[in-house]
Every structure is written in structure tokens, then in C-alpha cells.
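Participant: Which chain is which? The protein sequence lines are G and V, in order.
So the first sequence is numbered by the numbering used here: it starts at 583 and just counts up by one.
So the second sequence is numbered by the numbering used here: it starts at 24 and just counts up by one.
C-beta atoms are modelled at their ideal positions from N, C-alpha and C, and glycine is treated no differently.
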Amino acid sequence: MSDATHSGSSFFGRLGRLFSAGPAKPGDSFGAPGVGNSTTIAIASAIGIFFLWWVTTTPALGPMVKPLFLPSPAEVWDKFVSVATEGYQDQTLAEHTLASVQRIFIAFVLAALFGIPIGMAMATNRVFRGIFDPPIEFYRPLPPLGYLPLTIIWFGIGETQKLVLLFLAMFAPMVLNTRAGVRSVAIEQIHAAYSLGASRAQVLWHVILKGAMPEILTGMRIGIGFGWTTLVAAELVATERGLGAMIMSASEFLVTSVVIMGIVVIGIIAYSFDLLMRWVERRVVPWKGRV
Amino acid sequence: MAQVKGRPASKKAKSASTKSRKNSRPAKGGKATGNGSGKELRAEAVTVVYPVKEGDDVHALEKVSLSISPGDFVVALGASGCGKTTFLNLLAGFIKPTEGNVTLGGKPVLGPGADRGVVFQKHALLPWLKVLQNVTFGLKMQGIPQDKRRDMARKYIDLVGLKDFEQKNIYELSGGMQQRVGLARALTSDPAALLMDEPLGALDALTRDNMQELILDVWRETHKAIFFITHSVEEALFMATKLIVMSPRPGRITHEYELDFCHRFFECRDARKVKSMPDFIEMREEIITIIRGDELEGGNIHV
Chain G
583 MSDATHSGSS FFGRLGRLFS AGPAKPGDSF GAPGVGNSTT IAIASAIGIF FLWWVTTTPA
643 LGPMVKPLFL PSPAEVWDKF VSVATEGYQD QTLAEHTLAS VQRIFIAFVL AALFGIPIGM
703 AMATNRVFRG IFDPPIEFYR PLPPLGYLPL TIIWFGIGET QKLVLLFLAM FAPMVLNTRA
763 GVRSVAIEQI HAAYSLGASR AQVLWHVILK GAMPEILTGM RIGIGFGWTT LVAAELVATE
823 RGLGAMIMSA SEFLVTSVVI MGIVVIGIIA YSFDLLMRWV ERRVVPWKGR V
Chain V
24 MAQVKGRPAS KKAKSASTKS RKNSRPAKGG KATGNGSGKE LRAEAVTVVY PVKEGDDVHA
84 LEKVSLSISP GDFVVALGAS GCGKTTFLNL LAGFIKPTEG NVTLGGKPVL GPGADRGVVF
144 QKHALLPWLK VLQNVTFGLK MQGIPQDKRR DMARKYIDLV GLKDFEQKNI YELSGGMQQR
204 VGLARALTSD PAALLMDEPL GALDALTRDN MQELILDVWR ETHKAIFFIT HSVEEALFMA
264 TKLIVMSPRP GRITHEYELD FCHRFFECRD ARKVKSMPDF IEMREEIITI IRGDELEGGN
324 IHV
């Protein structure tokens, strides 16, 4: 930072001070971006948002926002309890959740079963790469809502169509990350294996697949995240059970409390899945980032 | 008898007279015993040409001949771009020569194999395997049952001083220890030749000195044919029984020296003493002059 930014009391001077650093404290690395712990601020931020929600919606304080647009936290909690115990549209929250988790899990297993081998084949063989590259690269950036109508035309409005949509959302990231993983395997490791007498198949299995595992797991994590983001679209049409279906039908009847409650439940479950995948990652590839 | 190719003849006389002391290693030349690991690794007039889209093709190696017998410790030294690593890749079977051929015990080398162990500078160990599994990896690939491969590996694990580290993870080890694992792994397949591509290049100076002694001891114990690439002139002189100096454009061997500094080390066990002997220093300066000349020609050093 220049002297001018430091000495100036202007807005930019203050901004400069916020992002500049003097010599680092012992134990810190000078110039490292974003040093320091942000947990306290994060907690404060979350509490702040919740507080804002509470202040603007609680009837006792004279609600600034109509419940139709944003119901109060207490109302959402009551709805959570009633849907959990009595249910919404003949299904309890547990049944909705189970239906969604089941769909995502089945699509996830299928996507991994196809995506990882196809990613491996594409990364290690130019023929497979040539065959699969155009379709995958074409559909990957499309929004699932864009090809949703097509999946309905092709697969109807049953369970298959929902699984296909979720599968497609998860498949591409798994393929791409598997490919990236294969590329990340050090050529020295491959050479070493060959010069220890390994065959091509052995190198593929014992070196390339193992070496690609960190990225493959990242692909699975991203894939399952994409699955949750696609859930509502997948359950948009003719679905009785599922968190996405519950949210959609609630929105049609303007039951905003159920919509918000559903969003929060999806958020919590998706985040828990992510934590689970990170835990799996630490167990399966403890060497990640350490070599 | 040292031979010199393409460069001043005075080098030949000098290296022959003052540097080829009594050498207890077997003489070079077609001495393929043919059984077990006692095979000669030989490159005959190998040329490697990399096609370039525009301009002239790059001759990474031009008619290079070299034979490495069991018990030879051949060290390759040279300016960057001289083709040392290309040559090692040829010997390992990772690339095939444009012309000429590579043979092991008289049989042509057609690809990488367990009869030629390779030790890399780094990144070559498998971090998902423990030390012992890394060392036995080659035997596993060759289909040897677990009990047997552990027995076979133990000898080399002891030899490189990894006895108490068998169950450690690779990423828990220091750079020097990791290179010991790489060395033990290459040895466990009992290869005829050991090809080492700057194995100590990433280590700090003290660890490097220790590893030089360790590798020499391992070599004396196992009597392997070794081809060793380094950038350190001192390391090259200290370890080699035969030192080849390579030059770029085209990559070729310009000087060969028969050396015995490693045997002097075995006698006195004092590496510092050997490395400060007058003829060691004289030799070092001579080689540095040669390599500097090549680097200057290639524009790698800006004065």
C-alpha cells in the first residue's frame, strides 16, 4: 500500500487500511490473503439475520412485513412441529424427507456408478474421450429446468423422470472431477509403477484410480450438492411426496410458512450431507493436499 | 580406459593417466553373465529426435553409446538440455530411440520393466500406501504372495535404515526418508540396474551428504549397475566409478572419466576428507569449467 492510502482519511484510505497489512505477527505469513479467524463474525452474522427476521415479522412488535411474504420464526416453527407430527397434504415431514433423500441417494449411486468409470475411460482413452465429450460438454451448462420438459416427454411423470433429472445433474460433475483426478496423478508415480513390473491394468487400478480418489470424492460431494439444488425441479410435476413437492404445493396455496420451513430443512440436510462427505474424504484420502 | 568423444584430446590423456587409478570393479565390455541380476545394460549409438513443428528437429541425443556393468556406478552430469533425463528414460524403456538400440544382458529393451529399477527425484511414492506397502508394491504387481514379499522387502528396508518406519505413512516422512523408501522399493524387485534421476536433488545439503553415503553403501552391498543423474559436480565425482559429461545441441557424451573417489571413501569412511583431497578439487574445477562452457554457449547463464 502506498503512503497516500495509509494517511488519507478518505473512504478509500480507510478501505485501504482494511485490506492492507503491516508486518505479520509471528506465526502468520505476510501477505497471505484472508488470514485470521472468522467464526465469531459468522455467528454474529447468522444471529443478526435471524434477529432481523424476528424484528420485522413478530406481531407483538407490529409486523413490518405481512405474514404472506414472510411469516415470523415462531410461525415457521409451529408449522414445522405440525407438519412433523400431523403432516402436510397427508404426508408427514419425515415421509417427505425420506422420499427426497431416497431419490437423491438412488440418483447419486447411479451417477457414481456411471460417472466415475466413464470419467476414467475418458481421461485414459482418446476414443472414449472423443465419444463422450460432445454430449457431456453440451448438456452440462444447461439448467435442469431447461431440459425438464424433455425428460417429461421422454420418461413421463413417474419416478423414472425424477431420477433421470437428478442423475443428469450429478453425472456431469462426477465425470469432470474424475477426469481432473486422473490428470492430477503424477507421471512419476505411473512411471515408477511400470518400472516395478506393473501391467497397464494394474497401473490403472493401483495407481491412477487411487491417485484420482481425492478428486473423485470432490466430484461426489459437488454432485450431491447439485442433486439438492435440482430437487425442487425434479419434484415439480405430479409428485405426492418429497420436500420439493411440498414446497411447490405450499407455494401454490400461499402457505409461506411451509415454503420457508421446507427450504430450511433442505438446507440443513444438504449441509449435513456435505459434512458427511467431508468426513468420508478425511477417512478415505488422508493424504490429500499433503504430498 | 577412459574415452572421450568429440572434445579436446588432452582431456583424454589427462583423465586416463591421472584419474584411472586401480579399480577393483570388473572391466567394462560385453560381460553379461546372464543370470539373475548380473546383466549389462547397454546403449548402442542411440539417437533421439523430437519432431518440432517449425524449424529443425531437436536432437535430444545423438549417437550415444554407453555400457553399464554390474558394479558400475555411472554418473551423468551436464548442462541443462544435454539429454541426461532423455537418456535415462531410454534406459528405463519409457521412450524408444529413433535410432540405435538399448539392451539388457543382450536382450533388447522394449519397455519399462522390473529388471530396471528407477528412483525419481520426488512425487513417485504412493501416498495411500504405508512405507512397507510402497516397498513391496513391485512384488505385489508381480503376483508374489504377501508373506513372501514382506520377507523379501525386509532385507532392503533394513539396508536403507527404514526398519522402524514400516507402518508410517509416506507423508509423515521427511524428504530424505522418502527417498530411502524410493530406493528400497526399486531394490526390492532385485533389478539388474538401478536408474536414478536426480534422486537427491530436492534434499537439503546435510541430508544429501548422508544419502550419498547410504547409496554408496547400498551399491557396494548389492553390486548393482547404477546410472545416476545429478546436477552437483561434487556429488558426481564422489560417487561415480565412471563419470560421463554430456553436452547439449545435440545431446551427447563429451567426456568420460574413470574415478575411484568412492573407493577412497570406503577405505576411510570420511566423505569430507575425500571431497577435500587436492585431486578431487582439481577434478571438480575441471568439470565445472566444461559445464560452464556449455551453459554459456546455450545462453543459460547471463554474465
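From G/Gly-801 to G/Ala-703, what distance separates their C-alpha atoms?
Facilitator: Distance between the alpha carbons of G/Gly-801 and G/Ala-703: 16 Å.
Participant: Pull up the CB-CB distance for V/Glu-63 and V/Gly-128, whole angstroms please, since I reckon it's below 8 Å.
Facilitator: Contact holds; Cβ gap of about 6 Å.
Participant: My output table needs one value for V/Lys-54: the three-state DSSP class, helix, strand or coil.
Facilitator: Any answer about V/Lys-54 is weak, because its pLDDT of 34 lies below 50 and its placement is not dependable; what the coordinates show is given next. If DSSP states are grouped into helix, strand and coil, V/Lys-54 belongs with coil.
Participant: When we look at the beta-carbon of V/Asp-283 and count the other beta-carbons within 10 Å, is it buried (16 or more) or exposed?
Facilitator: Flag for V/Asp-283 reads buried.
Participant: Would DSSP call V/Leu-89 helix, strand or coil?
Facilitator: Three-state DSSP puts V/Leu-89 in a strand.
Participant: Under 8 Å, CB to CB, which of the residues in the stretch 184–200 of chain V have a partner in chain G?
Facilitator: Within the stretch 184–200 of chain V, the qualifying residues are Asn-192, Ile-193, Tyr-194.
Participant: Considering only residues of the same chain and omitting the five flanking positions on each side of V/Tyr-194, which have a CB-CB separation below 6 Å?
Facilitator: So the list reads Pro-150, once near-sequence residues are dropped.
Participant: Would you say V/Leu-111 lies against chain G (beta-carbon separation less than 8 Å)?
Facilitator: Chain G contact via Cβ: absent.
Participant: Using C-beta distances below 7 Å, list every residue in its chain close to V/Val-183, excluding the 5 sequence neighbours before and after it, in chain order.
Facilitator: Taken in chain order, the residues that qualify are Arg-203, Leu-206, Ala-207, Leu-237, Val-241.
Participant: Determine the direct distance from the alpha carbon of V/Leu-223 to that of V/Leu-144, and round the result to whole angstroms.
Facilitator: It should be noted that the sequence gives Gln, not Leu, for residue 144 of chain V. If you take the alpha carbons of V/Gln-144 and V/Leu-223, they lie about 7 Å apart.
Participant: At least one CB of chain G closer than 8 Å to the CB of V/Trp-151: is that the case?
Facilitator: Yes, V/Trp-151 lies at the interface with chain G (some Cβ there is under 8 Å from its Cβ).
Participant: Measure the C-alpha to C-alpha separation of V/Thr-109 and V/Pro-74 and round it to an integer number of angstroms.
Facilitator: Approximately 14 Å between the Cα atoms of the pair.
Participant: Would you be able to state if there are at least three C-beta pairs under 8 Å between the stretch 830–848 of chain G and the stretch 690–704 of chain G?
Facilitator: In short, these stretches do not touch, since the Cβ pair count stays below three.
Participant: Under three-state DSSP, which class holds G/Gln-671?
Facilitator: In the structure shown, G/Gln-671 sits in coil (DSSP, three-state: anything other than H, G, I, E or B).
Participant: Does V/Gly-136 come within less than 8 Å of chain G when only Cβ atoms are used?
Facilitator: It does: the Cβ of V/Gly-136 has a partner Cβ on chain G nearer than 8 Å.
Participant: Give a yes or no on whether the C-beta atoms belonging to V/Phe-303 and V/Ala-294 are separated by under 8 Å.
Facilitator: Against a cut-off of 8 Å, the Cβ pair of V/Ala-294 and V/Phe-303 comes out as no contact.
Participant: Run down chain A in chain order and give the residues with a C-beta less than 8 Å from the C-beta of G/Val-789.
Facilitator: Protein chains in the displayed structure are G and V, and chain A is not among them.
Participant: Determine whether the Cβ of V/Arg-177 lies closer than 8 Å to any Cβ atom of chain G.
Facilitator: Judged by the 8 Å Cβ criterion, V/Arg-177 is not in contact with chain G.
Participant: Rounded to a whole number of angstroms, what is the C-alpha to C-alpha distance between G/Lys-744 and G/Glu-817?
Facilitator: Distance between the alpha carbons of G/Lys-744 and G/Glu-817 is about 7 Å.
Participant: Taking the beta strand (DSSP E) that V/Leu-218 belongs to, which residues open and close that run?
Facilitator: Here the beta strand (DSSP E) through V/Leu-218 covers 216–220.
Participant: At 8 Å on the CB atoms, spell out the chain V contacts of G/Leu-680, in chain order.
Facilitator: Chain V residues near G/Leu-680: none, gap ~35 Å exceeds 8 Å.
Participant: For V/His-146, return the contacting residues in chain G, with the cut-off set at a CB-CB distance below 9 Å.
Facilitator: Those are Ala-768, Ile-769, Glu-770, Gln-771, Val-873, listed as they occur along chain G.
Participant: Between the stretch 804–819 of chain G and the stretch 769–778 of chain G, can you find at least three pairs of beta-carbon atoms closer than 8 Å?
Facilitator: Short answer: they don't touch.
Participant: Output yes if chain G places a C-beta closer than 8 Å to the C-beta of V/Ala-294; else output no.
Facilitator: Closer than 8 Å: no.
Participant: May I have a chain-ordered list of the alpha helix (DSSP H) segments no shorter than 4 residues that lie completely inside the stretch 633–713 of chain G?
Facilitator: Within the stretch 633–713 of chain G, the complete alpha helix (DSSP H) runs of at least 4 residues are 655–667, 675–706.
Participant: Can you find the residues in the same chain that come closer than 8 Å, C-beta to C-beta, to V/Gly-321, ignoring five residues on each side of it along the sequence?
Facilitator: Hits under 8 Å: Ala-102, Ser-103, Gly-104, Pro-271, Arg-272.
Participant: Please go through the same chain and pick out, in chain order, the residues whose beta-carbon is closer than 6 Å to the beta-carbon of G/Pro-653, but skip the five residues on each side of it.
Facilitator: Thr-838, Ser-839.
Participant: Between the C-alpha atoms of V/Ala-176 and V/Thr-159, what's the straight-line distance to the nearest angstrom?
Facilitator: Going by the C-alpha atoms only, they are around 6 Å apart.
Participant: When the Cα of V/Tyr-280 is compared with those of V/Lys-76, V/Ala-68, V/Leu-89, V/Glu-77, which residue comes out closest?
Facilitator: For the residues V/Lys-76, V/Ala-68, V/Leu-89, V/Glu-77, the minimum Cα distance to V/Tyr-280 belongs to V/Leu-89.
Participant: Is V/Lys-178 near the ligand FMN, judged by its Cβ being under 7 Å from some heavy atom?
Facilitator: For the structure depicted, the ligand FMN is absent and the ligand set is empty, with no information on it obtainable.
Participant: Out of V/Pro-93, V/Arg-292, V/Met-269, which one is the CA nearest neighbour of V/Val-87?
Facilitator: Nearest option by C-alpha distance: V/Met-269.
Participant: When you compare the CB positions of G/Ile-851 and G/Thr-674, do they come within less than 8 Å of one another, or not?
Facilitator: It is not a contact, given that the beta carbons lie outside the stated cut-off.
Participant: Here's the rule: buried if 16 or more other CB atoms are within 10 angstroms of the residue's CB, otherwise exposed. What is G/Phe-749?
Facilitator: Classification of G/Phe-749: buried, given that the 10 Å Cβ count is 16 or more.
Participant: Starting from the beta carbon of V/Ala-102, find every residue of chain G whose beta carbon is closer than 8 Å, and list them in chain order.
Facilitator: Here the premise fails: no neighbours, minimum Cβ distance about 23 Å.
Participant: Given a cut-off of 8 Å on the beta-carbon distance, is the pair V/Val-154 and V/Met-219 in contact?
Facilitator: No, the pair does not count as a contact, with Cβ atoms beyond the cut-off.
Participant: Please name the residue, chosen from G/Arg-685, G/Gly-618, G/Gly-871, that lies closest to G/Thr-821 on a Cα-to-Cα basis.
Facilitator: Considering only alpha carbons, the answer is G/Arg-685.
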